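A.B. asks: Take 3 as the starting number for the sequence shown in the numbering used here and just add one per residue.
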Amino acid sequence: MLVIRSLAFNTAFYANLILQMILWTPLYFLLPRKRAWFVPKVWASSSLWLHSVLAGTRAEVTGLENLPEGPCIIAPKHQSLWDTIAFLPWIPDALYILKRELMWIPLFGWYVAKMRMVPIDRGSRSKALRQAVNRSRELMRDGRQLIIYPEGTRRPPGAEPAYKYGIVELYTQLNVPVVPIAHVAGLYWPRRKFLRHPGTIRAHFLPPIEPGLPKEIFQKRLISETEAACDELLIDAATGPNPPPLPDTARRRLAELGVKTYDEAVTN
């Protein structure tokens, strides 16, 4: 049954993406940029609905009161494709830093270009960072919320933190609050895996980190506050009834925290 439900969702997810891009063309391109945002938001919401109905995986997002008005940096934990779409319905005017190669994909790239994102050349890190800072500063003058994944690439739940320096520089140069987002979506929608596990993905917007802190203090706060919240969500998922399969990284982290999984607690 798990294989069938996963197959049904994966098929429906990509079909939904293609069909909605076709359906909303040319209306999407004729509308002003801000008004056209309803199209990506509808797609994201419908994808989450399909995830719930077909895979049995609900989404529960809390802490939205911590999202400030106006420009800010939003820093989600990056574990899954899920965290690239799940927050779109809640963010007024999202701004993504992305690989410029994505802009070359027919139709999809045109949709992204309409929203005026920040494509960068990842061949040179220093050049890419300068591009990201300058373009983000320009676009955020309109009150937009920049979404950046501090670890850069998807990492499995419980893995040792590997935060990049880019978000520290953006925080310093842009002088806006940073809102971390904690979750363990990788337990339910694992990276590079076909199966989609049922349950409830809980994500939490943490209190914003105010601008103006020294770089070292900001970096320590970002990592400690995000990881502590993710540990709590991991414990909650692993010790509740019907927990999702736990990767080795999650099991090791739980052991470090001195926490037994639901199965271990029942067995003992």
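Every residue, glycine too, gets a C-beta built ideally from N, C-alpha and C.
As the structure is a prediction and not an experimental result, all values here were calculated from the model.
Determine the burial state of K217: buried for a count of at least 16 other Cβ atoms within 10 Å of its Cβ, exposed for fewer.
C.D. replies: Residue numbering aside, residue 217 sits at position 215 when the sequence shown is read from its first letter. By the 10 Å Cβ count, K217 comes out exposed.
A.B. asks: Could you give the distance in angstroms between the alpha-carbon of A231 and the alpha-carbon of H185?
C.D. replies: Translated into the one-based positions of the sequence shown, residue 231 becomes position 229. Translated into the one-based positions of the sequence shown, residue 185 becomes position 183. Straight-line Cα distance between these residues: approximately 8 Å.
A.B. asks: My guess is that N177 and G145 are in contact by the Cβ rule of under 8 Å, so how many angstroms apart are they, rounded?
C.D. replies: Residue 177 sits at position 175 when you count from the first residue of the sequence shown. Residue 145 sits at position 143 when you count from the first residue of the sequence shown. The pair is not a contact, with the Cβ atoms about 14 Å apart (cut-off 8 Å).
A.B. asks: T202 and R60 - do their beta-carbons sit closer together than 8 Å?
C.D. replies: Locating residue 60 in the sequence shown gives position 58, where the first residue counts as 1. Locating residue 202 in the sequence shown gives position 200, where the first residue counts as 1. Their beta carbons are under 8 Å apart, which means R60 touches T202 by this criterion.
A.B. asks: Candidates D238, V41 and T263: which alpha carbon is nearest D250's?
C.D. replies: Here residue 250 refers to the residue found at position 248 when the sequence shown is read from its first residue. Ranking D238, V41 and T263 by Cα distance to D250 puts T263 first.
A.B. asks: With DSSP run on the structure shown, which of helix, strand or coil describes T263?
C.D. replies: As a first step, residue 263 must be located in the sequence shown, where it is residue number 261. Reduced to three states, the DSSP call for T263 is coil.
A.B. asks: Threshold first: 4 residues or longer. Then list the alpha helix (DSSP H) segments lying entirely within the stretch 52 to 128, N to C.
C.D. replies: Counting whole runs of 4 or more residues, the stretch 52 to 128 contains the alpha helix (DSSP H) stretches 84 to 87 and 110 to 116.
A.B. asks: Can the beta-carbon of S8 be found closer than 8 Å to that of L197?
C.D. replies: As a working note, residue 8 is residue 6 in the sequence shown. As a working note, residue 197 is residue 195 in the sequence shown. Yes, the pair counts as a contact, with Cβ atoms nearer than the cut-off.
A.B. asks: What is the residue span of the beta strand (DSSP E) that R254 lies within?
C.D. replies: Reading the sequence shown from its first residue, position 252 is the one you call residue 254. Premise fails: R254 lies in the alpha helix (DSSP H), D250 to E258, not in any beta strand (DSSP E).
A.B. asks: Can you check which of these residues, L172, Y165, P159 and G188, is closest to Q147 by C-alpha distance?
C.D. replies: Position 145 of the sequence shown, counting from 1, holds the residue named residue 147. Nearest of L172, Y165, P159 and G188 to Q147, Cα basis: L172.
A.B. asks: Could you give the uninterrupted runs of the beta strand (DSSP E) lying entirely in the stretch 116 to 202, keeping only those of 3 residues or more?
C.D. replies: If we require 3 residues or more, the beta strand (DSSP E) runs fully inside the stretch 116 to 202 come out as 120 to 122, 147 to 149 and 180 to 185.
A.B. asks: Please determine, among L33, P108, A205 and G168, the residue with the shortest C-alpha to C-alpha distance to I20.
C.D. replies: Counting from 1 along the sequence shown, the entry for residue 20 is found at position 18. Measuring from the Cα of I20, the nearest candidate turns out to be P108.
A.B. asks: What residue range is occupied by the uninterrupted alpha helix (DSSP H) comprising L21?
C.D. replies: Position 19 of the sequence shown holds residue 21. Taken as a continuous stretch (DSSP letters only), the alpha helix (DSSP H) holding L21 covers L4 to L25.
A.B. asks: Only counting the same chain, and skipping five residues up and downstream in sequence, which positions put a Cβ closer than 8 Å to that of I237?
C.D. replies: In the sequence shown, the residue the question calls residue 237 occupies position 235. Excluding residues within five positions, the ones whose Cβ falls inside 8 Å are L256, L259 and V261.
A.B. asks: Which residues in the same chain have their Cβ closer than 8 Å to the Cβ of R223, if we skip the five residues on either side of it in sequence?
C.D. replies: Taking the sequence shown and counting its residues from 1, the one referred to as residue 223 is at position 221. So the qualifying residues of the chain are I211 and L215.
A.B. asks: Check the C-beta distance from S82 over to G188 and give it rounded, since I have them as a contact under 8 Å.
C.D. replies: Indexing the sequence shown from 1 puts residue 82 at position 80. Indexing the sequence shown from 1 puts residue 188 at position 186. So it is a contact: roughly 5 Å between Cβ atoms.
A.B. asks: Run the CB neighbour count on A115, radius 10 Å, all protein chains shown included, and call it buried at 16 or more, exposed below.
C.D. replies: Counted from its first residue, the sequence shown places residue 115 at position 113. Classification of A115: exposed, given that the 10 Å Cβ count is below 16.
A.B. asks: Report the rounded CA-to-CA distance for A38 versus Y113, giving the unit in angstroms.
C.D. replies: Stepping through the sequence shown from its first residue, residue 38 is reached at position 36. Stepping through the sequence shown from its first residue, residue 113 is reached at position 111. The straight-line gap from Cα to Cα measures roughly 10 Å.
A.B. asks: Label D85 either buried or exposed according to how many other C-beta atoms from any shown protein chain fall within 10 Å of its C-beta, with 16 as the threshold for buried.
C.D. replies: In the sequence shown, residue 85 corresponds to position 83, counting from 1. Classification of D85: buried, given that the 10 Å Cβ count is 16 or more.
A.B. asks: Give the range of the alpha helix (DSSP H) segment to which E227 is assigned.
C.D. replies: The residue given as residue 227 occupies position 225 in the sequence shown. Here the alpha helix (DSSP H) through E227 covers K217 to T241.
A.B. asks: Taking the DSSP output, what are the residues bridged to A2?
C.D. replies: Nothing about residue 2 can be read from this structure; the chain reaches only from 3 to 270.
A.B. asks: With contact counted as at least three CB pairs below 8 Å, one residue from each stretch, are the stretch 65 to 83 and the stretch 151 to 171 in contact?
C.D. replies: They touch, by the three-pair rule.
A.B. asks: With the cut-off set at 8 Å, would you say R102 and I87 are in Cβ contact?
C.D. replies: The residue you call residue 102 lines up with position 100 of the sequence shown. The residue you call residue 87 lines up with position 85 of the sequence shown. Cβ atoms of R102 and I87: not closer than 8 Å.
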